[in-house]
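Peer 1: Numbering (this note's numbering), first residue to last: 236 to 407.
By construction, the Cβ of each residue, glycine as well, lies at the ideal position given by its N, Cα and C atoms.
If you're wondering where the values come from, they're calculated on a predicted model, not measured in any experiment.
Right, I'll just put the structure down here and ask away after.
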Ligand SMILES: [Fe+2]
């Protein structure tokens, strides 16, 4: 394996995490446009969209500390994340359930990504960014917990909408 500088490994990790947040952002924005029956989900996503923008700014700050920027970088669509993000906007009768599963997967992916990024940031000696990335990690964990805690109520509401006259109308 070719040897790379820790700074270059770190820059790659920052860019990948930024691209990940971009995917997540787009997936959430598409959902928010379409959410009408689930205001609590809409509220959670709207709040997390704002958090995600700040998370991207934290990554941009760390990149500029390395003398790099994100604007020149093509944001790579990541395999699994790309699929999850795509899944999060497929129009289907059970769209809300699929979105919930996809949102849950996206947050789990982000939690792992920030856990790894924190280790790399530490190894690269970027101590200034550690509290910022810990904050991002805490936000992802809170969002993951929030999605999990809503899953039951979402499904119950989905069942009631789908098995009533409302849903029969909506699906025509
Ligand atoms: Fe997130």
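Is it buried or exposed, residue 329, if we count other Cβ atoms within 10 angstroms and call 16 or more buried?
Peer 2: One-based indexing of the chain shown puts residue 329 at position 94. Residue 329 should be labelled exposed.
Peer 1: Where does residue 244 land, buried or exposed, given buried means 16+ other C-beta within 10 angstroms?
Peer 2: Counting from 1 along the chain shown, the entry for residue 244 is found at position 9. The residue is exposed, with fewer than 16 neighbouring Cβ atoms inside 10 Å.
Peer 1: My output table needs one value for residue 262: the three-state DSSP class, helix, strand or coil.
Peer 2: For the purposes of this step, residue 262 is identified with residue 27 of the chain shown, where counting begins at 1. Helix at residue 262.
Peer 1: Please list the terminal residues of the continuous alpha helix (DSSP H) segment that includes residue 283.
Peer 2: Here the question's residue 283 lines up with position 48 in the chain shown. Residues 274-300.
Peer 1: Does the Cβ of residue 293 have 16 or more other Cβ atoms within 10 Å, making it buried, or fewer, making it exposed?
Peer 2: Here residue 293 refers to the residue found at position 58 of the chain shown. Label assigned to residue 293: buried.
Peer 1: Sort 395, 352, 332, 303 by Cα distance to residue 383 and report the nearest one.
Peer 2: The residue you call residue 383 lines up with position 148 of the chain shown. Comparing Cα-Cα distances from residue 383 to each of 395, 352, 332, 303, the minimum goes to 332.
Peer 1: Can you tell which of 266, 250, 282 has the C-alpha that lies nearest to the C-alpha of residue 295?
Peer 2: Against the chain shown, residue 295 aligns to sequence position 60. Ranking 266, 250, 282 by Cα distance to residue 295 puts 250 first.
Peer 1: Count the other CB atoms, across all protein chains shown, that sit within 10 Å of the CB of residue 215; report buried if there are 16 or more and exposed otherwise.
Peer 2: The question about residue 215 has no answer here: the residues shown for the chain are numbered 236 through 407.
Peer 1: Go to residue 388, then tell me how far its alpha helix (DSSP H) extends in each direction, as first and last residue.
Peer 2: As a position in the chain shown, residue 388 is number 153, starting the count at 1. Residue 388 -> alpha helix (DSSP H) spans 365-397.
Peer 1: Quick one: is residue 387 buried, meaning 16 or more other Cβ sit within 10 Å of its Cβ, or exposed?
Peer 2: In the chain shown, counting from the first residue as 1, residue 387 sits at position 152. Its Cβ having fewer than 16 others within 10 Å, residue 387 is exposed.
Peer 1: When the Cβ atoms of the region 343-353 are set against those of the region 246-266, are three or more pairs found closer than 8 Å?
Peer 2: The answer is yes - the region 246-266 touches the region 343-353, with three or more Cβ pairs under 8 Å.
Peer 1: Taking the alpha carbon of residue 393 as the reference point, which residue from 264, 260, 265, 270 has its own alpha carbon closest?
Peer 2: Sequence index remark: in the chain shown, residue 393 carries index 158 (1-based). Considering only alpha carbons, the answer is 270.
Peer 1: Classify residue 239 as buried or exposed, calling it buried when 16 or more other Cβ atoms lie within 10 Å of its own Cβ.
Peer 2: In the chain shown, the residue the question calls residue 239 occupies position 4. Classification for residue 239: exposed.
Peer 1: To the nearest angstrom, how far is the alpha carbon of residue 371 from that of residue 290?
Peer 2: Taking the first residue of the chain shown as position 1, residue 371 is located at position 136. Taking the first residue of the chain shown as position 1, residue 290 is located at position 55. Rounded to the nearest angstrom, the two C-alpha atoms are 6 Å apart.
Peer 1: Nearest CA to the CA of residue 275: which residue from 390, 287, 340, 246?
Peer 2: Translated into positions along the chain shown, residue 275 becomes position 40. Of the candidates 390, 287, 340, 246, the one whose C-alpha sits nearest the C-alpha of residue 275 is 390.
Peer 1: Give me the Cα-Cα distance between residue 397 and residue 259, rounded to the nearest whole angstrom.
Peer 2: Sequence index remark: in the chain shown, residue 397 carries index 162 (1-based). Sequence index remark: in the chain shown, residue 259 carries index 24 (1-based). Cα to Cα, residue 397 sits roughly 28 Å from residue 259.
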